Amino acid sequence: MLPLEDLFTDVINKAQRGLGLSDEALAQQASVSFAALRAVKDGEVDEAVITQIAPVLNLHAASLIAMARKDWQPQPVEIEGLLQFNTPFEDYSVNAYIVYDPDTKVAAAFDTGADASAMMKAFVEHGLTRGSIFITHTHPDHIADLATLCPDEIAPVFSCKMEPWPGTETFNYGAMFALGGLEIETRPTTGHSRGGVTYVIHGLEKPVAIVGDALFASSMGGGMVSFAEALKTNREQIFSLPEDTIICPGHGPMTTVGEEKAHNPFYPEFK
Ligand SMILES: [Fe+2]
1 MLPLEDLFTD VINKAQRGLG LSDEALAQQA SVSFAALRAV KDGEVDEAVI TQIAPVLNLH
61 AASLIAMARK DWQPQPVEIE GLLQFNTPFE DYSVNAYIVY DPDTKVAAAF DTGADASAMM
121 KAFVEHGLTR GSIFITHTHP DHIADLATLC PDEIAPVFSC KMEPWPGTET FNYGAMFALG
181 GLEIETRPTT GHSRGGVTYV IHGLEKPVAI VGDALFASSM GGGMVSFAEA LKTNREQIFS
241 LPEDTIICPG HGPMTTVGEE KAHNPFYPEF K
């Protein structure tokens, strides 16, 4: 299984950036010394200091400590009709997904990752009909290999009207798509990007949500457009899904809504 995308220090940094809190302000508001805060941000697992700073950042202290101690990983996910692909991009890696209807073998791709050649192989190996390509958001790592995934330009590529990609068909949030006997619902998860989409697939043995960089196991994408909006749209559009919904993030391992409610430090209200 893929390791968690973020370290506990990444979570602290994302929350700090999102709230616009300097180290000085955070240390002061948390009543910890500047040196102690710096040590934690350099990776020291000082539970007392983490416990002090977490509430100032609206983070759940115990979940942050579990990350620091490397105590938690989501359960492995395996269901028929869902394939995850992970490819290296610069100094990190990125995920893309194939979802298919096990009965009709009609398949769709969600993002391309850095290199879609394994996805092209998987269509053949699983006997799938290559259908539409859906883009979660247009950051370069997620759409780097449209040329491989759609060499003949026969398959339609879809992006959201709020963040259209040239040469693709666009849709508004709320649009529904059929995938064999499955249904794909499109939900707005903006904040990390201007037109971020979460695709919720209904009809497999569990609901599946392909979230791009809106949410990671035990973390979330940076609030590059708006941290507050990213938190809000995740709460409204992802955490409202059934607990057994499988979350497929753009980076790091798959997880579930129930596990993120219990372990994601950014959402203390569910603990
Ligand atoms: Fe992104």
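Just so you know, we're using the working numbering here: the sequence shown kicks off at 1 and counts up by one. In this text, a Cβ means the ideal position worked out from N, Cα and C, and glycines have one as well. These numbers come from a predicted model, not from an experiment.
Exercise for review: Keeping to the same chain, check which residues put their C-beta closer than 8 angstroms to that of residue 19; ignore five residues upstream and five downstream.
Suggested key: Walking along the sequence shown from the start, residue 19 turns up at place 19. A distance below 8 angstroms between beta-carbons, with the five flanking residues on each side excluded, links residue 19 to the following residues of its chain, in chain order: 57, 58 and 227.
Check your understanding: Among 156, 88, 29 and 258, which has the Cα closest to the Cα of residue 141?
Key -> Here residue 141 refers to the residue found at position 141 of the sequence shown. Nearest C-alpha to residue 141: 88.
Practice item. May I ask you to check if the CB of residue 115 is nearer than 7 angstroms to at least one heavy atom of ligand 1? Key: As a position in the sequence shown, residue 115 is number 115, starting the count at 1. No, ligand 1 has no heavy atom inside 7 angstroms of this Cβ.
Review point. How do the segment 107-115 and the segment 132-149 stand: do at least 3 beta-carbon pairs fall below 8 angstroms, yes or no?
Key: At 8 angstroms Cβ cutoff, the stretches touch.
Exercise for review: Pick out whichever of 215, 98, 178 and 92 has its Cα sitting closest to the Cα of residue 82.
Suggested key: Numbered from 1 along the sequence shown, position 82 holds the residue referred to as residue 82. Residue 82 has its Cα closest to that of 98, out of 215, 98, 178 and 92.
Practice item. Taking the CB atoms as reference points, tell me whether residue 179 and residue 124 lie closer together than 8 angstroms. Key: Taking the first residue of the sequence shown as position 1, residue 179 is located at position 179. Taking the first residue of the sequence shown as position 1, residue 124 is located at position 124. Residue 179 places its beta carbon 8 angstroms or farther from that of residue 124.
Check your understanding: If you measure from each residue's Cβ to the nearest non-hydrogen atom of ligand 1, which ones come out under 5 angstroms, in chain order?
Key -> Per the Cβ criterion, the list is 139 and 213.
Exercise for review: Reducing DSSP to helix, strand and coil, say where residue 220 ends up.
Suggested key: On the sequence shown, residue 220 is found 220 positions in, with the first residue counted as 1. In the structure shown, residue 220 falls within a coil segment according to DSSP collapsed to helix, strand and coil.
Practice item. Check whether the segment 27-45 touches the segment 232-242, counting contact only when three or more Cβ pairs, one atom from each stretch, lie closer than 8 angstroms. Key: In short, these stretches do not touch, since the Cβ pair count stays below three.
Check your understanding: In this structure, what does DSSP give as the bridge partners for residue 249?
Key -> Position 249 of the sequence shown, counted from the first residue, corresponds to residue 249. Answer is 212.
Exercise for review: Counting only the same chain and skipping the five closest in sequence on each side, list residues whose C-beta sits under 6 angstroms from that of residue 80.
Suggested key: Here residue 80 corresponds to residue number 80 of the sequence shown, with the count starting at 1. Cβ neighbours of residue 80 beyond the five flanking positions: 102.
Check your understanding: Does the segment 195-212 come close enough to the segment 58-70 that 3 or more CB-CB pairs lie under 8 angstroms?
Key -> Flag = no, the segment 58-70 and the segment 195-212 do not touch.
Practice item. Name the residue from 263, 183 and 175 whose alpha carbon lies nearest to the alpha carbon of residue 218. Key: For this step, residue 218 is matched to residue 218 along the sequence shown. Considering only alpha carbons, the answer is 263.
Check your understanding: Among residues of its own chain, excluding the 5 on either side of residue 176, which ones have a beta-carbon nearer than 8 angstroms to its beta-carbon?
Key -> Against the sequence shown, residue 176 aligns to sequence position 176. Within the same chain, residue 176 has close Cβ partners 183, 184, 185 and 186.
Check your understanding: Do you know offhand how far residue 272's Cα is from residue 223's?
Key -> Because the chain in this structure spans residues 1 to 271, residue 272 falls outside the shown range and cannot be described.
Review point. In terms of residue numbering, what span does the alpha helix (DSSP H) encompassing residue 13 cover?
Key: Position 13 of the sequence shown, counted from the first residue, corresponds to residue 13. Note, residue 13: alpha helix (DSSP H), 8-19.
Practice item. Assign residue 120 to one of three DSSP states: helix, strand, or coil. Key: Translated into positions along the sequence shown, residue 120 becomes position 120. In the three-state DSSP reduction, residue 120 falls in the helix class (H, G or I).
Check your understanding: Buried or exposed: which applies to residue 136, given that a residue is buried once 16 or more other Cβ atoms fall within 10 Å of its Cβ?
Key -> For the purposes of this step, residue 136 is taken as residue 136 along the sequence shown, with counting starting at 1. When all chains shown are included, residue 136 counts as buried.
Point to revise | Contacts around residue 159, its chain only, beta-carbon distance under 7 angstroms, and the 5 residues preceding and following it disregarded | key: Here residue 159 refers to the residue found at position 159 when the sequence shown is read from its first residue. Excluding sequence neighbours, residue 159 sits near 135, 138, 165, 168 and 170.
Exercise for review: List the whole-angstrom C-beta distance separating residue 268 from residue 241, where the pair is believed to meet the contact cut-off of C-beta under 8 angstroms.
Suggested key: Taking the sequence shown and counting its residues from 1, the one referred to as residue 268 is at position 268. Taking the sequence shown and counting its residues from 1, the one referred to as residue 241 is at position 241. No, residue 268 and residue 241 are not in contact; Cβ-Cβ is about 19 angstroms, not under 8 angstroms.
Review point. Do residue 48 and residue 55 have their C-beta atoms within less than 8 angstroms of each other?
Key: Start at 1 with the first residue of the sequence shown, and residue 48 comes out as number 48. Start at 1 with the first residue of the sequence shown, and residue 55 comes out as number 55. No. Outside cutoff.
Practice item. Please name the residue in 205, 44 and 86 whose C-alpha comes closest to that of residue 119. Key: Within the sequence shown, numbered from 1, the residue matching residue 119 stands at position 119. The residue with the shortest Cα to Cα distance from residue 119 is 86.
Check your understanding: Quick one: what's got a C-beta closer than 8 angstroms to residue 215's C-beta in the same chain, skipping five residues either side?
Key -> Position 215 of the sequence shown, counted from the start, is the residue given in the question as residue 215. Contacts found: 189, 221, 234, 238, 247, 249, 260 and 264.
**Study point:** DSSP beta-bridge partners of residue 159
**Key:** On the sequence shown, residue 159 is found 159 positions in, with the first residue counted as 1. In the DSSP output, where bridge partners are listed per residue, residue 159 has 170.
Review point. Between the Cα of residue 266 and the Cα atoms of 16, 162 and 2, which residue gives the shortest distance?
Key: Your numbering for residue 266 matches position 266 in the sequence shown. Nearest Cα to residue 266 within the set 16, 162 and 2: 16.
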